[in-house]
Amino acid sequence: MIRGLAGALAGYAVGAALVAAIRALTGVDPLAAEPLVVAGFPFALIGWLLGVGVWQAWAREWVGLDARPAAPPGWRRYFAYSTDHKVIGVQYLVTFTVIFLLAGLSALLLRVELAAPGQAILPPATYNQVMSLHGILMIAVAVSVIIAGFGNYLVPLLIGAEDMAFPRLNALSYWLIPPVALLLLTSTVLGGWDSGWTGYAPLSERNRVGQIFFNLSFILVGLSSIIGGLNFLVTIIRLRAPGMTWGRLPIFVWGIFLTSLMSAVFTQSVAVAMLLTLLDRVFGTGFFAAARGGSPLLYENLFWFYSHPAVYVMIIPGWVLALEVLPHFARRALFAYRWAVGGLAGVVALSGVVWIHHMFTSGVPFVFLPVFLATTELISIPTGVIFLSALGTLWLGRLWLRTPMLFAIAVFFNFLIGGITGIFLADVPTDVQLQDTYFVVAHFHYTIVGGEIFGLFAGIYYWFPKITGRMYDERLGQLHFWWMFIAFNLTFFPMFGLGLAGMNRRIADYDAALANTNLFVSIASFALGASFLVFLWNVIVSWTRGPMAQANPWRARTLEWQTSSPPPLENFPVPPTVVAGPYEYGTGRAHAVLGGAAGGDD
Amino acid sequence: MVGRERHAERPGHDRTSIESLGLWIFIASEAFLFLVLISTRFALVGFERPAELNQPLGAAVTAVLLSSSVSAYAATRALAGGEAGRFRLFVRLTLALGVVFLGGLALEWAEGFAAFPPARGYGSVFFTLTGFHGAHVLSGLVVLWLATRRARDPWPVRAAVRYWTFVDAVWLFIYPTLYLL
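These protein sequences, in sequence, are chains D and R.
Heads up, the first sequence is in the numbering used here, so the first residue is 1 and it goes up one at a time.
Heads up, the second sequence is in the numbering used here, so the first residue is 1001 and it goes up one at a time.
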């Protein structure tokens, strides 16, 4: 990692010197900050990547030397350019959990300021910066944590493969993430930026230099997401174990597959929006600068054409993680498996044709309003199918209410509230009233925190014994669940009322009449924040001193539980052969056998 | 290296088919990038087009790039047929045509910079689109050169030619977008 930083500095020096030289030759001020940063950045990135391990593990081959893959033993492999999908999955999970907690702390700062009207504990300018930082950090977490963390760890295990299709590319996609954190932190030191996570033009074009760090880091997260998506698609198509037909894929793998399709396609659009903003700022093109004939509305279109599908990139992994947990703890097959896959595919298919519903008040042509109202409402049909699959699995099941199950059920409880309130934001007449109020804030926190993050915790508790080889403390897990569930609802439910009363989002102050509710929300948000201390305590103590876990503590049928905890480097001692569906509870049929001798296809 | 060899050992996991699928998805992903960039032309300036565009030059570089695809294809045929001499000839021809294309583009940039500056409207779109595409042509040349330098294995050559053909095909959409519509 130190080599990486040195590489980054060297690369930056090369890039910046190159630009300064070109500018000096053409007679423009050679030391202007922005061109130096923007041009130095790709060089710094390449320097960083070569330094952290791309050179050792990969690039040496390009110049005819032997590659030396990094394989330090023990805990040190988590800090190395490891190509083991399990190590990369843990790297993603831990990195994003840390970012999640930091971004959560920034939210608490905002709630301190909002605890009472008329105060300026955070001056308004600082408030805007903290709000922007909270937004983009949480977006990065939500886009990546389940798909990149659990996706990497589990997809090869669940399909009976030894690793991802492109292990070195996989490591590359992870090592793009630390520079994002570094960029955003540097930007805060340089005065930050205050455009929110949406970075709308024209503000983004006139803002301080901190803005370009936002644009660059957004592009990096996007790049990491595209590379990851490509890797998942190839892995799932090409590396399934013998007998693992598409109809026998665990639902979690289906979700990662469909989400990867979206990442690989739509991310380009936001990357272009960010790139064109940079071109406008550095090279003086006129894409979004209204003063030079540019179109701020074009930015919004490019931005939301990705960023609406992005909410499904966030929530689908949360749903399928919950759907994956439900059958094992209800001891029943997943209800209407094919319909659930169809529902997910339906959401993906519709995701590309709804983005204008973010722009109903932006001055888009009137004819778009009813069209995008209708397409948005249509999404509730495939979503409803997914809910039916979850409820049908629970119905008459013998529920085993351990911590992962509690979180998985809460995903559907919370998302129901988030989904129903979304209808009022899809309907143009109500949206015109509710746009940019706390109603929207409550809605998306119910869907993403209530849906995806509760799903994330279901996954952490469910696979904790598999990943760490140790068991977590069940009592602390249940305490964490109830504490977080209650505090979450107390924090976000009152925000619907605040939004209906007209409280604006992204603004440091509000009408004095809303003081009591806001104080209540602020107190509840601190209770929510405190619930993660229980989680952290449980994870740290259990990971270091918890009782050793069995290979299959949940007596589940899927492949990851048929190998040791934690699994060996090559995942399975002998390659598995899949002989039946993944959720054959009550039929006595195994999902897979290790080795190809027994079984065969149905 | 480790992952590569491990997978190659398993039955049914043919490394070339894995990499080929990866390349197709990468190409699809790149295609969306250009689709979005091309859409900015119509969103920003509709069908407006400056009279100063050098139409003969535009048509000429298009012809050059298209013939480079043909010669790249001829190179893969020669490699498959084991004709090393023809293979080297067609690879060099392809690389030369790519360089000529970039030269024509540079000429167009020099002329266009004054006539339709990048500061607004059509100029912004023109320089961004041709710049992005030019960078892809350059990367295609580098990849083609690296892959054909030591042509022991036909797959890297086929992969590089597939990418090169994709980059040429993108120009078939950019050319009418900028010059004809």
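All C-beta atoms, glycine included, are put in the ideal place defined by N, C-alpha and C.
Original post:
Along chain R, which residues have their Cβ under 8 angstroms away from the Cβ of D/R238?
Top reply: The contacting residues are H1013, S1017, I1018, L1021.
Subject >> Beta carbon of D/W319 nearer than 7 angstroms to that of D/I379 >> reply: No, they are not a contact pair.
Original post:
Within 7 angstroms (strictly less), CB to CB, does R/A1135 reach chain D?
Top reply: For R/A1135, the nearest beta carbon of chain D is not closer than 7 angstroms to its own beta carbon.
Original post:
Hey, R/F1126 and R/G1112 are a contact pair by Cβ (cut 8 angstroms); roughly how many whole angstroms apart?
Top reply: About 6 angstroms; that satisfies the 8 angstroms criterion.
Original post:
Per DSSP, D/M548 is paired with what?
Top reply: Per DSSP, the beta-bridge partners of D/M548 are D/R470.
Original post:
Do you know how far the Cα of D/I177 is from the Cα of D/M359?
Top reply: Here the alpha carbons of D/I177 and D/M359 stand approximately 30 angstroms from one another.
Original post:
Excluding five sequence neighbours on each side, which residues of the same chain lie with their C-beta closer than 7 angstroms to the C-beta of R/E1005?
Top reply: With a pLDDT of only 41 at R/E1005, under the threshold of 50, the placement of this residue in the model should not be trusted, and no figure is reported.
Subject >> D/V578 in three-state terms, based on DSSP >> reply: The three-state secondary structure of D/V578, taken from DSSP, is strand.
Subject >> Three-state secondary structure (DSSP) of D/T245 >> reply: Assignment of D/T245 by DSSP, reduced to helix, strand and coil, places it in the coil class.
Subject >> Per-residue contacts from D/R292 into chain R (C-beta, under 9 angstroms) >> reply: At a beta-carbon threshold of 9 angstroms, the residues of chain R lying near D/R292 are A1119, R1120, G1121, S1124, ordered along the chain.
Original post:
In chain D, which residues lie less than 9 angstroms from R/L1102 when you measure between Cβ atoms?
Top reply: What R/L1102 touches in chain D: nothing, since even the nearest Cβ is about 18 angstroms away.
Subject >> Beta-carbon contacts of D/A597 that lie in its chain and below 6 angstroms, excluding the five residues immediately before and after >> reply: Because the pLDDT at D/A597 is just 47, under 50, the model does not fix this residue reliably, and the value given afterwards should be weighed accordingly. Closer than 6 angstroms at the Cβ level, and outside the excluded window around D/A597, lies no residue.
**OP:** Closer than 9 angstroms by beta-carbon distance: list the chain D residues that pair up with R/F1166, in chain order.
**Re:** By Cβ distance, chain D contributes nothing, its closest Cβ being about 15 angstroms from R/F1166, past 9 angstroms.
Original post:
Grouping DSSP H, G and I as helix and E and B as strand, with all else coil, what is D/T375?
Top reply: Residue state, collapsed to three classes: helix.
**OP:** Evaluate contact between the stretch 488-507 of chain D and the stretch 437-452 of chain D, counting only Cβ atoms and requiring at least three cross-stretch pairs below 8 angstroms.
**Re:** Yes, they touch.
Subject >> Any 3 or more C-beta pairs closer than 8 angstroms across the stretch 1125-1145 of chain R and the stretch 1159-1170 of chain R >> reply: Of all C-beta pairs linking the stretch 1125-1145 of chain R to the stretch 1159-1170 of chain R, three or more are shorter than 8 angstroms, placing the two stretches in contact.
Original post:
Over what stretch of residues does the beta strand (DSSP E) that includes D/L594 continue unbroken?
Top reply: Element bounds for D/L594: 592-594.
Original post:
Is the distance from the Cβ of D/N128 to the Cβ of D/D194 below 7 angstroms?
Top reply: In contact: D/N128 and D/D194 (Cβ atoms closer than 7 angstroms).
**OP:** For R/Q1055, count neighbouring Cβ atoms within 10 angstroms of its own Cβ and tell me buried if that reaches 16, exposed if not.
**Re:** Exposed, by the Cβ-count rule.
**OP:** Give a yes or no on whether the minimum CB-CB distance between D/L65 and chain R is below 7 angstroms.
**Re:** Under the Cβ criterion of 7 angstroms, D/L65 is not counted among the residues facing chain R.
Original post:
Does R/A1157 come within less than 7 angstroms of chain D when only Cβ atoms are used?
Top reply: Strictly speaking, residue 1157 of chain R in this sequence is Val, with Ala absent from that position. No, its Cβ sits nowhere closer than 7 angstroms to a Cβ of chain D.
Original post:
Short check: CB of D/N414 to CB of D/G384, under 7 angstroms?
Top reply: At least 7 angstroms separates the beta-carbon of D/N414 from that of D/G384.
Original post:
Of the residues that make up the stretch 1043-1059 of chain R, which ones have a beta carbon closer than 9 angstroms to any beta carbon in chain D?
Top reply: Residues of the stretch 1043-1059 of chain R with a C-beta less than 9 angstroms from any C-beta of chain D: A1043, L1044, V1045, listed in chain order.
Original post:
Distance, Cα to Cα, D/L297 vs R/R1015?
Top reply: Separation of D/L297 and R/R1015 (C-alpha to C-alpha, rounded to the nearest whole angstrom) is 45 angstroms.
**OP:** Can you say whether D/F214 is buried or exposed, counting buried as having 16 or more other CB atoms within 10 angstroms of its CB?
**Re:** Of the other Cβ atoms in all chains shown, 16 or more fall within 10 Å of the Cβ of D/F214; this residue is therefore buried.
Subject >> Run of the alpha helix (DSSP H) containing R/W1145, from where it starts to where it stops >> reply: Here the alpha helix (DSSP H) through R/W1145 covers 1121-1149.
Original post:
Hey, D/A142 and D/I417: beta-carbon distance below 7 angstroms or not?
Top reply: Taking 7 angstroms as the Cβ cut-off, D/A142 and D/I417 do not qualify as a contacting pair.
Original post:
In the structure shown, what three-state DSSP assignment does D/D601 receive?
Top reply: Any reading at D/D601 must be qualified, since the residue scores a pLDDT of 39, below 50, and its modelled position is unreliable; the value itself is stated next. DSSP places D/D601 in coil when its eight states are reduced to three.
**OP:** Please report how far the alpha carbon of D/Y306 lies from the alpha carbon of D/F257, in whole angstroms.
**Re:** Rounded to whole angstroms, the gap between the alpha carbons of D/Y306 and D/F257 is 18 angstroms.
Subject >> D/I661 burial status per 10 Å Cβ neighbour count (16 or more: buried) >> reply: Here chain D comprises residues numbered 1 to 602, so residue 661 of chain D is not present and cannot be evaluated.
**OP:** Please compile the residues from chain D whose C-beta is within a distance smaller than 9 angstroms of the C-beta of R/T1148.
**Re:** Under a criterion of Cβ atoms nearer than 9 angstroms, no residue of chain D is adjacent to R/T1148; the nearest Cβ is some 14 angstroms distant.
Original post:
Can the beta-carbon of D/N552 be found less than 7 angstroms from the beta-carbon of D/L157?
Top reply: Cβ distance not < 7 angstroms, so D/N552 and D/L157 don't count as in contact.
**OP:** Could you list which residues in chain R have their beta carbon closer than 8 angstroms to that of D/I226, in chain order?
**Re:** Simply S1029.
Original post:
Any Cβ of chain D within less than 7 angstroms of the Cβ of R/V1036?
Top reply: For R/V1036, the answer is yes, since a Cβ of chain D falls inside 7 angstroms of its Cβ.
Subject >> chain R residues whose Cβ lies nearer than 7 angstroms to that of D/S204 >> reply: Within chain R, no C-beta atom comes less than 7 angstroms from the C-beta of D/S204; the nearest is roughly 16 angstroms away.
Subject >> For D/T437, the residue or residues it bridges with in DSSP >> reply: Checking the DSSP bridge columns, you'll see D/T437 partnered with D/N504.
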